[in-house]
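Protein chains in written order, with my numbering: chain U, 1 to 94; chain W, 1 to 256.
Note that beta-carbon positions come from the ideal geometry of N, C-alpha and C, so glycine has one too.
Values in this document were obtained by computation on a predicted structure and should not be read as measured data.
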Amino acid sequence: MKNEWPLWEVFIRGQHGLAHRHVGSLHAPDAEMAIRHARDVYTRRNEGVSIWVVKASDIAASAPGEKEPLFDPSNAKIYRHPTFYDIPDEVGHM
Amino acid sequence: MTTAVKTDAALFELALRMGDNALILAQRVGAWCGHAPILEEDIALANVALDLIGQTKMWLGLAGEIEGKGRSADDLAFLRDARAFRNSLLVEQPNGDFAMTLMRQFLFDAFHHPMLVGLKSSADARIAEIAEKAEKEARYHRERSEDLVIRLGDGTEESRARMQGALDALYPFAGELALADAIDAELATRKIAPDLAAIGARVCDYLKTVFAEATLNAPWDAAVRKGGKQGAHSEELGYILAEMQWLQRAYPGAKW
């Protein structure tokens, strides 16, 4: 529909979180109103300290069909995980 | 030891006026729940209504305390008759279309926020405390309604016509909010409430700026429709109370 407001993706930085996390989406005519709507829809229970909104159409995403070539090759490469070190006891919990 | 309770009449009136404005507007706005033009606006309106209900609980709770006759906020909300309500005529006006609801909200917010800012420095600590909490909510309400009034006023031909119609219909009710009577004068002298004339002048300047930006023309010289603050309401309030109070009236003391 031509008259429908564009879709915005909403990211909220939580009370204790360092990074903004995707929480959902909503419709709004522009960024200012998208932030207001996000405040009303997604922070009613005191969830956030900061809001980002971005037009859903501005997000470039990887194609689900390319999942295999993109992600499978890293599957068997356990040497990429830093699990081959001996950590001295004195270091304690890491 | 018992102390005789003497009700501070002016203070009681102030708490009722603030509480009843919030309560009746919340009841009106709450009726949009599930019916607003879009989902996001629906939730935003419900948030505003719930903010106002929260404020009502504080104001009417304080009113009961000041009165000293053991009436709770619920007793005052659900068991008073229309003549005992002290809300302004503006907030009891019907929802109409979205333009009417929005304009009513904006005209109320335009007064409500500076009033609460004034009450934050009330000589009565309980009033200052409630105002401190409510002022932040009212500031957001005003930002939101101001933004929408400008967008829709300076919008399409249809949205502008609807907003102008709403302003013509509702502006005459706005003046009552800042129109001082003897009670307001007493409260101002006692430093319990701000001087309403000063608030009214500030609201007027603010409305002029916003309506200019929204390309709307307010009927500035229209006669002020008043009486609600003193308990003389339009017939609208009777219908609102019938819906709001019937359960407590039909089943006294019902709880869930």
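If we ignore side chains and look at the alpha-carbon of each, how far apart do residue i and residue j end up?
i       : j       : result
K255(W) : K67(U)  : 56 Å
I24(W)  : S57(U)  : 42 Å
H233(W) : R44(U)  : 34 Å
D51(U)  : R83(W)  : Contrary to the premise, residue 51(U) reads as Ile rather than Asp in this sequence. Straight-line Cα distance between these residues: approximately 46 Å.
L216(W) : I150(W) : 9 Å
R160(W) : G34(W)  : 25 Å
V10(U)  : E90(U)  : 44 Å
A28(U)  : P6(U)   : 6 Å
A178(W) : A61(U)  : 55 Å
N105(W) : I240(W) : Contrary to the premise, residue 105(W) reads as Gln rather than Asn in this sequence. About 17 Å.
A10(W)  : K229(W) : 12 Å
I12(U)  : V53(U)  : 9 Å
L148(W) : T56(W)  : 25 Å
G65(U)  : G48(U)  : 34 Å
Counting only C-beta atoms, is residue i closer than 7 Å to chain U at any point?
i      : result
I43(W) : yes
E40(W) : yes
F12(W) : no
M1(W)  : With a pLDDT of 47 at M1(W), under the threshold of 50, the predicted position of this residue should be treated as unreliable, and no value is reported.
Taking 7 Å as the CB-CB cut-off, is residue i touching chain W?
i      : result
V41(U) : yes
H37(U) : yes
L26(U) : yes
Going by DSSP, which residues form a beta bridge with residue i?
i      : result
I51(U) : I12(U)
H20(U) : R13(U)
L7(U)  : H27(U)
**OP:** Output, in sequence order along the chain, the residues in the region 140–159 of chain W whose CB is closer than 9 Å to any CB in chain U.
**Re:** Y140, E143, R144, D147, L148 and R151
Subject >> Unbroken stretches of the alpha helix (DSSP H), 4 residues or longer, contained in the region 60–135 of chain W >> reply: 73–78, 89–92 and 98–119
Subject >> Contact set between the region 44–58 of chain W and chain U, restricted to residues whose Cβ is under 7 Å from the partner >> reply: Going along the region 44–58 of chain W in chain order, one finds A44 and N47 with a Cβ nearer than 7 Å to chain U.
Original post:
In chain order, which continuous runs of the alpha helix (DSSP H) of length 4 or greater are located wholly inside the region 172–214 of chain W?
Top reply: 182–189 and 196–213
Original post:
For the region 42–68 of chain U, which residues have a beta carbon sitting closer than 7 Å to at least one beta carbon of chain W?
Top reply: R44
Original post:
Where are the beta strand (DSSP E) runs, 3 residues long or more, that stay fully inside the region 66–91 of chain U, in chain order?
Top reply: none
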